[in-house]
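For the sequence shown, my numbering begins at 11 and goes up steadily by one.
Down below is the structure, laid out as structure tokens.
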Amino acid sequence: MSVTVRVPAKVNVQLAVGGARPDGFHDLANVFLAVGLYDEVTVSPADTLRVTCEGPGASQVPLDRTNLAARAAEKLAARYGRPADVHVHIAKDIPVAGGMAGGSADGAGALLACDALWGTGASREELLDICAELGSDVPFSLVGGAALGTGRGEKLRTLETGGTFHWVFAVADGGLSTPAVYGEFDRLNEGVEVPAPVASTRLLDALAAGDPDALAAALTNDLQPAALSLRPSLARTLDAGTAAGALAALVSGSGPTTAFLVRDAESAATTAEALLASRTCRTARVAAGPVPGATVLGSGTAP
Ligand code: C5P
11 MSVTVRVPAK VNVQLAVGGA RPDGFHDLAN VFLAVGLYDE VTVSPADTLR
61 VTCEGPGASQ VPLDRTNLAA RAAEKLAARY GRPADVHVHI AKDIPVAGGM
111 AGGSADGAGA LLACDALWGT GASREELLDI CAELGSDVPF SLVGGAALGT
161 GRGEKLRTLE TGGTFHWVFA VADGGLSTPA VYGEFDRLNE GVEVPAPVAS
211 TRLLDALAAG DPDALAAALT NDLQPAALSL RPSLARTLDA GTAAGALAAL
261 VSGSGPTTAF LVRDAESAAT TAEALLASRT CRTARVAAGP VPGATVLGSG
311 TAP
């Protein structure tokens, strides 16, 4: 018996970052959009907890207890007083350490899959609580769609969207560490009174209207200067996408993936080709959103 869950990547259409809090985290106004690039997490019974991973970048994924998928299985098992005796297999397609919440997706996916495999019957609230313990972006991976995350990003309010937005994602060589990017944000803002983060009304209106031009004009990412400072070559990727006709270009979350909003699926294909030809990225992926969050695809016989 095995259970497979499909979980989407995210792009932050607004990432407003406040000053560092006493606990080291930053208050955010984080507008998430789930996009159609997916990891698939399959769990099946095993003697002890173990994690395997296949797909692009799989060699950079930790297979020990630091993997959010392993931690999700352990936390759910502990809460229900049972052993975390599962094999978690991750089929990776979301860029690793790319600022698209790939690790968070695996955490949310493993949690939902173990809940189904074990027949735990945890409520949505319980699952969301465990997600928030696992990491700031994990609750959004569970719910998907579009949402405003406040606090450290884990307190979610679902947002209405009036249409589908088309994107191209330029995947860089290697990853960027999220704590390192936040650390660089703090360094760049040393001595500055960082204002409290607020969601942009203009941006929320653009999402609700499904208007790509209005959304393009409102996209912001306060972590972008920090990501560019740590990886200056990303400026060339952003320029290449803009030159190719993208409506807007920005770093995705903490990077180094860069995101390009385009008008439709056809422009997505031509922009992706132009980005590849520019040789300023490793690969370019096309995806649209919003899409649903973690979804059980079904159960089957373990391989
Ligand atoms: O919550 P998560 O484990 O994904 O966060 C990873 C790191 O990113 C944190 O250790 C912290 O350095 C940084 N972070 C932050 N403020 C947030 C979210 C993450 O400083 N709101």
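Glycine is no exception: its CB is placed at the ideal position from the N, C-alpha and C atoms.
Here residue 14 is buried, its C-beta having at least 16 other C-beta atoms within 10 Å. When secondary structure is reduced to three states using DSSP, residue 203 falls in the coil class, being assigned neither helix nor strand. With a cut-off of 8 Å on Cβ pairs, the region 50-64 is not in contact with the region 164-171, counting fewer than three such pairs. In this structure, residue 266 has its beta carbon at no less than 7 Å from each heavy atom of the ligand C5P. Contact between residue 286 and residue 226 is ruled out by a C-beta separation of about 22 Å, above the 8 Å threshold. For residue 252, there is no enclosing beta strand (DSSP E); the enclosing alpha helix (DSSP H) has its first and last residue at 244-253. Taken from the Cβ of residue 205, every heavy atom of the ligand C5P lies 7 Å or farther away.
For residue 25, the uninterrupted beta strand (DSSP E) segment begins and ends at 12-30. Here the alpha carbons of residue 27 and residue 278 stand approximately 29 Å from one another. In its chain, beyond the 5 residues on either side, 41, 155, 156, 157, 158, 214, 217 and 218 have a beta carbon closer than 8 Å to the beta carbon of residue 169.
When DSSP states are grouped into helix, strand and coil, residue 165 belongs to the strand group. Judged by the Cβ position, residue 188 qualifies as a neighbour of the ligand C5P at the 7 Å threshold, a heavy atom of the ligand being closer than this. Placement of the Cβ of residue 147 at a distance of less than 7 Å from at least one heavy atom of the ligand C5P is found. In terms of Cβ geometry, residue 16 and residue 181 do not form a close pair [threshold 8 Å].
Per the Cβ contact rule, the region 61-74 is in contact with the region 94-107 (3 or more Cβ pairs under 8 Å). Between the alpha carbons of residue 23 and residue 83 lies a distance of about 30 Å. Taking 8 Å as the upper bound for CB-CB distance, residue 186 and residue 241 are in contact here, some 6 Å apart. At a Cβ-Cβ threshold of 8 Å, residue 20 and residue 45 count as neighbours. CA-to-CA, the gap between residue 284 and residue 298 works out to about 18 Å. Rounded to the nearest whole angstrom, the C-alpha separation of residue 266 and residue 76 is 22 Å. The straight-line gap separating the alpha-carbon atoms of residue 111 and residue 151 is approximately 8 Å. Sequence-distant partners of residue 254 (beyond 5 residues in either direction) whose C-beta falls short of 6 Å from its own C-beta, in its chain, are 281 and 284. Per DSSP, residue 261 is one residue of the beta strand (DSSP E) stretching across 258-261.
In the same chain as residue 174, and ignoring 5 residues on each side of it, the C-beta atoms closer than 8 Å to its own belong to 220, 298, 299 and 300, in chain order. Of all alpha-carbon atoms in 30, 145 and 288, the one lying nearest the alpha-carbon of residue 249 is that of 288. Beta-bridge annotation (DSSP): residue 295 is paired with 179. DSSP, reduced to helix, strand and coil, places residue 210 outside both helices and strands of the structure shown, so it counts as coil.
Collapsing the DSSP output to three states places residue 87 in a helix.
A straight line joining the alpha-carbon of residue 228 with that of residue 273 spans about 15 Å. Scanning its chain for C-beta atoms nearer than 7 Å, with the 5 sequence neighbours on each side dropped, one finds around residue 93 the residues 87, in chain order. Look at residue 60 here: in three-state DSSP terms it is strand.
By the C-beta density criterion, residue 189 is exposed, having fewer than 16 other C-beta atoms within 10 angstroms.
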